[in-house]
Amino acid sequence: MNSPLPPEALQALMLSLRVAFWSTLVSLPIGIFVAYALARWSFWGKGLINGIVHLPLVLPPVVTGYFLLIVFGPTGFVGSALEQIGIVFAFHWTGAVLAATIMAFPLMVRSIRLSIEAVDQNLEQAAATLGASKIGAFTTITLPLITPGLLAGTVLTFAKAMGEFGATITFVASIPGQTQTVPSAIYAFLQVPGSEPIVYWLVGISATIALVAVILSEGIARYLAKRISG
927 MNSPLPPEAL QALMLSLRVA FWSTLVSLPI GIFVAYALAR WSFWGKGLIN GIVHLPLVLP
987 PVVTGYFLLI VFGPTGFVGS ALEQIGIVFA FHWTGAVLAA TIMAFPLMVR SIRLSIEAVD
1047 QNLEQAAATL GASKIGAFTT ITLPLITPGL LAGTVLTFAK AMGEFGATIT FVASIPGQTQ
1107 TVPSAIYAFL QVPGSEPIVY WLVGISATIA LVAVILSEGI ARYLAKRISG
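Heads up, the sequence shown is in the numbering used here, so the first residue is 927 and it goes up one at a time.
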């Protein structure tokens, strides 16, 4: 049976899945570290770091994309340096990963941080008194207890990365087959008369992924709250 989506739309869907996968994979270890630092450590500038981490939630996505273009673009001080060693972000699918990662990162950090803060520090201290290192205490005590938060953050990050539009289109444009993700494909097809059925399919797929992500994250959060209270 033929697909209801044209090749361009299928390419956009596959690219979105690819971008969301790598964005989530990159965000997870960094998110764990940042969330733990914000939840457990006291250091100068903690409020500033926390503000920077959550800034993409309140900053217009186009502004975030413009900042990325200035920093990681061909003439940016970071982008020009990376280009010398063959690493390119601007107008490339890797740039879409970077944009999606930055936009979704606050959701990852917030979910994990709340989970870490819910863990009794006495458990970590008890492990330390028994000879466990900080890393050992984290991997054997804290990490298993925050698994629901990790899962919730992972699901939300994946869904957010799938739906990222403003920062992505500003930073990497919307090049079919290269940087055009599902949201930018929807926008492009809206400009073409008679493409409403394609838009309906893409919107339906996006809405389904987002709805499933919200339901899963809520279910995981309730499980975590129930387990902690119990």
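Note that the Cβ used here is the ideal one computed from N, Cα and C, for glycine as well.
The structure displayed is predicted, hence computed values, not measured ones.
Pro955 and Ser1121 have their C-alpha atoms some 40 angstroms from each other. Leu939 and Tyr1113 have their alpha carbons spaced roughly 14 angstroms apart.
The alpha helix (DSSP H) runs lying completely inside the segment 1083-1138 and spanning 4 residues or more are 1092-1098, 1108-1116, given in chain order.
A distance below 9 angstroms separates the beta carbons of Gly1089 and Ala1136. In the three-state scheme derived from DSSP, where H, G and I count as helix and E and B as strand, Phe969 is classed as coil. Remark: three or more beta-carbon pairs, one from each stretch, lie closer than 8 angstroms, so the segment 1066-1077 and the segment 1032-1045 are flagged as touching. Within the model, the alpha-carbon separation for Val979 versus Leu951 is close to 17 angstroms. Spatial neighbours of Gly999 in its own chain (CB-CB distance under 6 angstroms, excluding positions within 5 residues in sequence) are listed in chain order as Gly1005, Ala1016. Secondary structure within the segment 933-1008: the alpha helix (DSSP H) runs of 4 or more consecutive residues, fully enclosed, are 933-966, 972-984, 987-998 (chain order). Note that the C-beta distance between Leu1077 and Ile1146 is below 9 angstroms. Taken through DSSP and simplified to helix, strand or coil, Ala1026 comes out as helix.
Taken atom to atom, the span from the alpha-carbon of Ala965 to that of Gly971 is near 14 angstroms. Inclusion of Val1108 and Ser942 in the CB contact set at 9 angstroms is warranted, their separation being smaller than that value. The DSSP-derived three-state label of Ala1054 is helix. The continuous stretches of alpha helix (DSSP H) do not include Ile1067, and DSSP gives it neither H nor E.
Put simply, the backbone Cα of Leu1008 is about 23 angstroms away from that of Gly957. For Asp1046, the closest of Ile1067, Leu1033, Phe1091 by C-alpha to C-alpha distance is Ile1067.
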